[in-house]
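Below is one structure, written out as structure tokens, with a few remarks after it.
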């Protein structure tokens, strides 16, 4: 018999002041691992509520995806009473996370010193566009700006025309880094009993992300060659047209290339000095990718997929987003769950993709309406009904609209 638990982070309370993509993605993952996440929103709500919100109720599809597993409390932190509620909430927090710029955080009284003075055991995580030690520290930053400034847009585009990745990859990658940093700090707290401050800057994080494979000759000082990675920069690295569609084919190792040369009737190429090792192949990658492009045109996709699978060469069809929901593997893996949202009806959402052998996180609650759990959370903090009514009347706490 399998024993079900509430996940490896059960018992951890996260006070979440993040908005848009980066922070909510981080706290979504914390919630999916079993943490209790209380989303503290301004009276107008997280701006992402209104992306694709065709009903005008602040429950757009991005918000529904990124804020599962959380409870919402709407506070006006510009009022002393609102800040007082937050301060009491901080006393219960294992993790406090926000994406407010340093100067604004100081004005709101949510800097590390203020939070630690209330609860020294809290793991405090500030998600920022730029690290506070540099001159950009108070600049606004969004994903596109960071893709540009970290070098990713130049790498993604052609030599004379930079381009953005068509998903907020900086937000999501930095959200993952913040998740790992928070969990590391929680582990350290188990050993020391002390919380600590974490700063996760987008620019610095994405520069390291980009340079991992793109630094090239600039790894050496002075540089020994050009920056970049020839294989990913090749204009012939692309989905390849077949006789009836497109495929992604990734021939990479010595064995895979020898097998591919034999598969297309060119076993002689395996002995060519230009193609024998990964060093030589990288220098002549355009020629090899042009060969793949030419050969794939000769047969239909299904025939190629069967042949490449037998040859153990990675290949896949090009999926659209709707295709994902009918993919045989994803369906068999049970990635998608049908969830009944109390106000938005049936939803189809992807579950947490990681499995834990020793603990099984429960399915997270549906994404909350703005201020949905305000009275509930305040009561847990010791506020009585009259206190809550007074906070609502003063505009410090916003009740959900019904």
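In the numbering used here, the protein residues as written are 886 to 1287.
Think of the CB as a built atom: it goes at the ideal place given N, C-alpha and C, for glycine as much as any other residue.
Model, not experiment: these values are computed from the prediction.
Item to complete: Could you tell me whether the Cβ atoms of residue 1276 and residue 970 are closer together than 8 angstroms?
Response: Residue mapping note: residue 1276 aligns to position 391 of the chain shown, counting from 1. Residue mapping note: residue 970 aligns to position 85 of the chain shown, counting from 1. Yes, the pair counts as a contact, with Cβ atoms nearer than the cut-off.
Fill in: Sequence-distant residues of its chain with Cβ nearer than 6 angstroms to residue 1212 (five each side left out)
As a working note, residue 1212 is residue 327 in the chain shown. Taken in chain order, the list of residues that qualify is empty.
Worksheet entry | Where residue 1264 falls: helix, strand or coil (DSSP) | Counted from its first residue, the chain shown places residue 1264 at position 379. Under the three-state reduction of DSSP output, residue 1264 falls in the helix class.
Worksheet item: If we ignore side chains and look at the alpha-carbon of each, how far apart do residue 904 and residue 1278 end up?
Response: The residue labelled residue 904 in the question sits at position 19 within the chain shown. The residue labelled residue 1278 in the question sits at position 393 within the chain shown. Each residue's alpha carbon lies about 25 angstroms from the other.
Worksheet item: Who are the Cβ neighbours of residue 1102 in its own chain at under 7 angstroms, not counting the five residues just before and after it?
Response: Within the chain shown, numbered from 1, the residue matching residue 1102 stands at position 217. Close CB contacts of residue 1102 within its chain, under the 7 angstroms cut and outside five residues either way in sequence, are with 1108, 1109, 1110, 1111, 1112 (chain order).
Discussion item. Using the three-state DSSP reduction, which class does residue 889 fall into: helix, strand or coil?
Written reply: As a first step, residue 889 must be located in the chain shown, where it is residue number 4. With a pLDDT of only 42 at residue 889, under the threshold of 50, the placement of this residue in the model should not be trusted; the figure read from the coordinates follows. DSSP places residue 889 in coil when its eight states are reduced to three.
Discussion item. One question on the structure: do residue 899 and residue 926 come within less than 8 angstroms of each other, judged by their Cβ atoms?
Written reply: Reading the chain shown from its first residue, position 14 is the one you call residue 899. Reading the chain shown from its first residue, position 41 is the one you call residue 926. In this structure, residue 926 does not lie closer than 8 angstroms to residue 899 by Cβ.
Worksheet entry | Burial state of residue 1246, where buried means 16 or more other Cβ atoms lie within 10 Å | Counted from its first residue, the chain shown places residue 1246 at position 361. Taking a 10 Å sphere around the C-beta of residue 1246, we find 16 or more other C-beta atoms and assign the residue as buried.
Worksheet item: Are the CB atoms of residue 1091 and residue 1136 nearer to each other than 8 angstroms?
Response: Counting from one through the chain shown, the residue named residue 1091 turns up at place 206. Counting from one through the chain shown, the residue named residue 1136 turns up at place 251. No; because the gap between Cβ atoms is not below 8 angstroms, this pair is not in contact.
Worksheet item: Going by C-alpha distance, which of 1077, 986, 1001 is nearest residue 973?
Response: Counting from one through the chain shown, the residue named residue 973 turns up at place 88. With distances taken between Cα atoms, residue 973 lies closest to 1001.
Discussion item. Considering only their Cβ atoms, is the gap separating residue 1054 from residue 1066 smaller than 8 angstroms?
Written reply: By one-based count along the chain shown, residue 1066 stands at place 181. By one-based count along the chain shown, residue 1054 stands at place 169. No, Cβ-Cβ distance for residue 1066 and residue 1054 is not below 8 angstroms.
Worksheet item: Counting along the chain, where does the beta strand (DSSP E) carrying residue 911 start and finish?
Response: By one-based count along the chain shown, residue 911 stands at place 26. Taken as a continuous stretch (DSSP letters only), residue 911 belongs to no beta strand (DSSP E), being part of the alpha helix (DSSP H) at 907-917.
Worksheet item: Closest to residue 940 by CA distance: which of 1122, 1230, 1041 is it?
Response: Here residue 940 corresponds to residue number 55 of the chain shown, with the count starting at 1. The shortest C-alpha separation from residue 940 is found at 1230.
Worksheet entry | Cutoff 8 angstroms; reference residue 1180; Cβ partners in own chain excluding five residues on either side | Start at 1 with the first residue of the chain shown, and residue 1180 comes out as number 295. Correct list, in chain order: 1149.
Worksheet entry | Neighbourhood of residue 1098 by C-beta, 8 angstroms cutoff - its chain only, sequence neighbours within 5 removed | Taking the chain shown and counting its residues from 1, the one referred to as residue 1098 is at position 213. Correct list, in chain order: 1114, 1117.
Worksheet item: In whole angstroms, what separates the C-alpha of residue 981 from that of residue 896?
Response: Numbered from 1 along the chain shown, position 96 holds the residue referred to as residue 981. Numbered from 1 along the chain shown, position 11 holds the residue referred to as residue 896. Residue 981 and residue 896: Cα-Cα distance of roughly 15 angstroms.
Worksheet item: What span of residues does the beta strand (DSSP E) with residue 1131 cover, start to end?
Response: For the purposes of this step, residue 1131 is identified with residue 246 of the chain shown, where counting begins at 1. Counting along the chain, the beta strand (DSSP E) containing residue 1131 begins and ends at 1131-1134.
Worksheet item: From what residue to what residue does the alpha helix (DSSP H) around residue 1107 run?
Response: Within the chain shown, residue 1107 is the residue found at index 222, counting from 1. Residue 1107 -> no alpha helix (DSSP H), and no H or E assigned at all.
Worksheet item: Does the beta-carbon of residue 1249 have 16 or more other beta-carbons within 10 angstroms, so that it is buried, or is it exposed?
Response: Counting from one through the chain shown, the residue named residue 1249 turns up at place 364. Buried: at least 16 other Cβ atoms inside 10 Å.
Fill in: residue 1239 burial status per 10 Å Cβ neighbour count (16 or more: buried)
By one-based count along the chain shown, residue 1239 stands at place 354. Residue environment analysis places residue 1239 among the exposed positions, since fewer than 16 neighbouring C-beta atoms fall within 10 angstroms of its C-beta.
Item to complete: Out of 948, 954, 1172, point me to the one whose CA is closest to residue 919's CA.
Response: Working through the chain shown from its first residue, we reach residue 919 at position 34. Put simply, of 948, 954, 1172 the residue whose alpha carbon is nearest the alpha carbon of residue 919 is 954.
Worksheet item: Under the DSSP definition of a beta bridge, which residues are partnered with residue 957?
Response: By one-based count along the chain shown, residue 957 stands at place 72. Note: residue 957 sits in a beta bridge opposite 924.
Worksheet item: First and last residue of the alpha helix (DSSP H) that includes residue 1067?
Response: On the chain shown, position 182 is the one that residue 1067 refers to. For residue 1067, the uninterrupted alpha helix (DSSP H) segment begins and ends at 1054-1077.
Worksheet item: Is residue 1009 helix, strand or coil by DSSP?
Response: Within the chain shown, residue 1009 is the residue found at index 124, counting from 1. Strand, per DSSP.
Discussion item. On the CB-based measure, 16 or more other CB atoms within 10 Å of its CB, does residue 937 come out buried or exposed?
Written reply: Taking the chain shown and counting its residues from 1, one reaches residue 937 at position 52. That one is exposed.
Worksheet item: Which runs of the beta strand (DSSP E), 3 residues or longer, sit entirely within the segment 926-1008?
Response: Runs of the beta strand (DSSP E) inside the segment 926-1008: 955-960, 980-983.
Worksheet entry | CA nearest to the CA of residue 1029, picked from 907, 1163, 1159, 991 | Stepping through the chain shown from its first residue, residue 1029 is reached at position 144. The shortest C-alpha to C-alpha distance from residue 1029 to any of 907, 1163, 1159, 991 is the one to 907.
Worksheet item: Are residue 1224 and residue 1253 touching if we call contact CB-CB under 8 angstroms?
Response: For this step, residue 1224 is matched to residue 339 along the chain shown. For this step, residue 1253 is matched to residue 368 along the chain shown. No, Cβ-Cβ distance for residue 1224 and residue 1253 is not below 8 angstroms.
Discussion item. With a threshold of 8 angstroms, are at least 3 pairs of Cβ atoms found where one atom belongs to the segment 1207-1222 and the other to the segment 1181-1198?
Written reply: Verdict: no, contact absent.
Worksheet item: Among the residues of its own chain, which have a CB less than 7 angstroms from the CB of residue 886, if the five just before and after it don't count?
Response: Counting from one through the chain shown, the residue named residue 886 turns up at place 1. With a pLDDT of 32 at residue 886, under the threshold of 50, the predicted position of this residue should be treated as unreliable, though the coordinate-derived value follows. Result list for residue 886: empty, nothing under 7 angstroms.
Worksheet entry | Three-state class that DSSP yields for residue 1221 in the structure shown | What you label residue 1221 is simply residue 336 of the chain shown in a count that begins at 1. In this structure, residue 1221 counts as strand in the three-state DSSP scheme.
Item to complete: Measure the CB-CB distance between residue 964 and residue 1242 and report whether it falls below 8 angstroms.
Response: Within the chain shown, residue 964 is the residue found at index 79, counting from 1. Within the chain shown, residue 1242 is the residue found at index 357, counting from 1. The Cβ-Cβ distance between residue 964 and residue 1242 does not fall below 8 angstroms.
Worksheet item: So what's residue 1047 in DSSP terms, helix, strand or just coil?
Response: Locating residue 1047 in the chain shown gives position 162, counting from the first residue. For residue 1047, the three-state secondary structure derived from DSSP is coil.
Item to complete: Go to residue 1082, then tell me how far its beta strand (DSSP E) extends in each direction, as first and last residue.
Response: Here the question's residue 1082 lines up with position 197 in the chain shown. Counting along the chain, the beta strand (DSSP E) containing residue 1082 begins and ends at 1081-1086.
Discussion item. Does any residue of chain D have a CB that is nearer than 8 angstroms to the CB of residue 1009?
Written reply: Chain labels in this structure do not include chain D; a single protein chain is all it has.
Worksheet entry | Presumed contact (8 angstroms Cβ cut-off) between residue 961 and residue 909, rounded CB distance | Stepping through the chain shown from its first residue, residue 961 is reached at position 76. Stepping through the chain shown from its first residue, residue 909 is reached at position 24. At roughly 20 angstroms, the Cβ-Cβ gap does not stay under 8 angstroms, so residue 961 and residue 909 are not in contact.
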